[in-house]
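A.B. asks: Shown below is the structure under consideration.
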Amino acid sequence: MLRLIRGFEELALDLVKSGAIPGGIHPYIGQEAVAVGVCSALGPGDRLASTHRGHGHVLARGTAPHRLLAELLGRVGGSNGGRGGSMHAADLSLGILGANGMVGAGAPIAVGAAWAAASLERVSAERATADGPAAERAARRAPVAVAFFGDGALNQGVLLESLNLAAMWRLPVLFVCEDNGYATTLPAATAVAGSATGRAAAFGIPAEEVDGMDTEAVRAAALRAVGRARAGGGPGFLTCRTYRYEGHHTMERRMKLRYRSPEEVGAWRERDPLPRAAALLDPATVAELDRSVAEQLAAAEEFALASEHPDPAGALDHLYADGLRPRAGVAP
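As numbered in the working numbering, the sequence shown has no gaps in its residue numbers, which increase by one up to the final residue, 349.
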């Protein structure tokens, strides 16, 4: 999965350069260990809310690369019919509640999903029996919701409100801060007072800082937090120290922004999560995985480029819900 995400993003960069992907993307290259580590700790009923840099989360959760690539190209074969694009990819069948272009906006979505799931489980348990052990079993079955966000969201009020509600209601939510050191071009050290884990601790939420370039370390921390949340222990918070090797957005290449030194980028490249993971495998297995990923991505590119563009006549489809029943006493 690490190799798939890296290769997918490299292919997407090429398609941005060629003009096949309109508008550009926010590359996830360098941060793959966070998505893979966290998503490998989730179960089939769990949910996640992503960010504008969300391709890695969507792929690690199980969306087929050909459907995501077609979505980036704005084609009808995409996971959202070409209507979501890079920053709004979603797949409700896999519990992916959507990437999001607004900083920190995935946190309240995840909290709402966790509240709804916990409420349904509680009602089901109460209907089955008023017995204590049954309620405990229901809590252990409750789906967990994950909210991904970057260090740039740490000063957003909506994130702090979400932390408060999750703590007050002891919701099964895992907050994951992907701290890559920069909010666009602003160094986090010049904008964030205190620490990410300190914000969680202020609400009584167990928090842990982990090496976000180490897939196994992220997975171990996520398993602990998810297990605690699923058992009724309330929310958890992970700060994953990571780094993006590319710019905040592909537009940076054209703008030629210079806010990171080559030495800084080079030092982080020495901690690349891919070779660290590959070192745990024998070379023959690594070669086979590389071959398999290359085949998947070639097929994904062929599918995406062959997929049709949406019909402009349907531009207004899906803007409004239909088939809704008004509440009693409300005029239709």
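Heads up, the beta-carbon is just placed ideally off N, CA and C, and yes, glycines get one too.
Every value quoted in this text rests on a predicted model; they were computed, and no experiment measured them.
State the CB to CB distance for the pair residue 171 and residue 216, rounded to an integer number of angstroms; the pair is presumed to be in contact (CB under 8 Å).
C.D. replies: Their Cβ separation, rounded to whole angstroms, is 6 Å, which keeps residue 171 and residue 216 in contact under 8 Å.
A.B. asks: Could you work out which residue in 60, 268, 269, 194 is closest to residue 227 when comparing CA atoms only?
C.D. replies: Here the closest residue by C-alpha is 194.
A.B. asks: Suppose you measure from the CA of residue 80 to the CA of residue 22; what does that come to, to the nearest Å?
C.D. replies: Near 11 Å, if we compare the C-alpha coordinates of residue 22 and residue 80.
A.B. asks: State the Cα-Cα distance for the pair residue 19 and residue 340, rounded to the nearest angstrom.
C.D. replies: When rounded, the distance between both Cα atoms is 42 Å.
A.B. asks: Terminal residues of the continuous alpha helix (DSSP H) containing residue 21?
C.D. replies: From DSSP, the alpha helix (DSSP H) with residue 21 extends over 19 to 35.
A.B. asks: Per DSSP, residue 258 is paired with what?
C.D. replies: Looking at the DSSP assignment, residue 258 forms a beta bridge with 196, 228.
A.B. asks: If you follow the beta strand (DSSP E) that residue 118 is in, where does it begin and where does it stop?
C.D. replies: That residue, residue 118, is in no beta strand (DSSP E); it is neither H nor E in DSSP.
A.B. asks: Straight-line CA distance for residue 156 to residue 28?
C.D. replies: Confidence is the limiting factor: at residue 156 the pLDDT is only 48, short of 50, which leaves the residue's position unreliable and the question unanswerable from this model.
A.B. asks: By DSSP, does residue 331 sit in helix, in strand, or in coil?
C.D. replies: Residue 331 falls in the helix class under three-state DSSP.
A.B. asks: Assign residue 276 to one of two classes, buried (16 or more other C-beta atoms within 10 Å of its C-beta) or exposed (fewer than that).
C.D. replies: It is exposed - the Cβ of residue 276 has fewer than 16 other Cβ atoms within 10 Å.
A.B. asks: Roughly how many angstroms separate the alpha carbons of residue 225 and residue 259, rounded to a whole number?
C.D. replies: Roughly 14 Å between the two C-alpha positions.
A.B. asks: With H, G and I counted as helix, E and B as strand and the rest as coil, what does DSSP make of residue 64?
C.D. replies: Strand, per DSSP.
A.B. asks: Counting only C-beta atoms, is residue 281 closer than 7 Å to chain B at any point?
C.D. replies: Looking at the structure shown, chain B is missing, and only one protein chain is on hand.
A.B. asks: Check the DSSP bridge columns for residue 204 and list the partner residues they point to.
C.D. replies: Note: residue 204 sits in a beta bridge opposite 199.
A.B. asks: If I measure Cβ to Cβ from residue 270 and keep anything under 6 Å in the same chain, skipping five residues before and after, which residues do I get?
C.D. replies: Around residue 270: no qualifying Cβ.
A.B. asks: Going straight from the alpha carbon of residue 167 to that of residue 303, what length do you get?
C.D. replies: Using only the alpha carbons, I get a separation of about 31 Å.
A.B. asks: DSSP three-state label for residue 222, please.
C.D. replies: In the structure shown, residue 222 sits in coil (DSSP, three-state: anything other than H, G, I, E or B).
A.B. asks: On a Cα-Cα basis, can you pick out the residue from 212, 261, 280 that is closest to residue 255?
C.D. replies: Closest by alpha carbon: 212.
A.B. asks: Examine the Cβ distances between the region 325 to 341 and the region 106 to 122 and report whether three or more of them are shorter than 8 Å.
C.D. replies: Touching, no, given that fewer than three Cβ pairs across the two stretches are closer than 8 Å.
A.B. asks: If we ignore side chains and look at the alpha-carbon of each, how far apart do residue 204 and residue 198 end up?
C.D. replies: When rounded, the distance between both Cα atoms is 6 Å.
A.B. asks: Mapping DSSP to helix, strand and coil, what is residue 298?
C.D. replies: DSSP places residue 298 in coil when its eight states are reduced to three.
A.B. asks: Rounded to the nearest angstrom, how far is the Cβ of residue 64 from that of residue 114, given a contact under 8 Å?
C.D. replies: Confirmed, about 6 Å.
A.B. asks: Return the Cβ separation of residue 55 and residue 235 in integer angstroms, given the expectation that the two are a contact with Cβ distance under 8 Å.
C.D. replies: Right, their Cβ atoms sit about 6 Å apart.
A.B. asks: So, using beta-carbon positions, are residue 68 and residue 165 closer together than 7 Å?
C.D. replies: Contact: yes.
A.B. asks: Quick check on the DSSP output: the beta strand (DSSP E) that includes residue 163 runs from which residue to which?
C.D. replies: Run containing residue 163: 162 to 167, per the beta strand (DSSP E) assignment.
A.B. asks: Within a Cβ cutoff of 6 Å, which residues of the same chain sit near residue 71, ignoring the five residues on either side of it in sequence?
C.D. replies: 116.
A.B. asks: Note down, in chain order, each residue of its chain lying with its Cβ closer than 6 Å to the Cβ of residue 44, except the 5 sequence neighbours on either side.
C.D. replies: So the qualifying residues of the chain are 26, 263.
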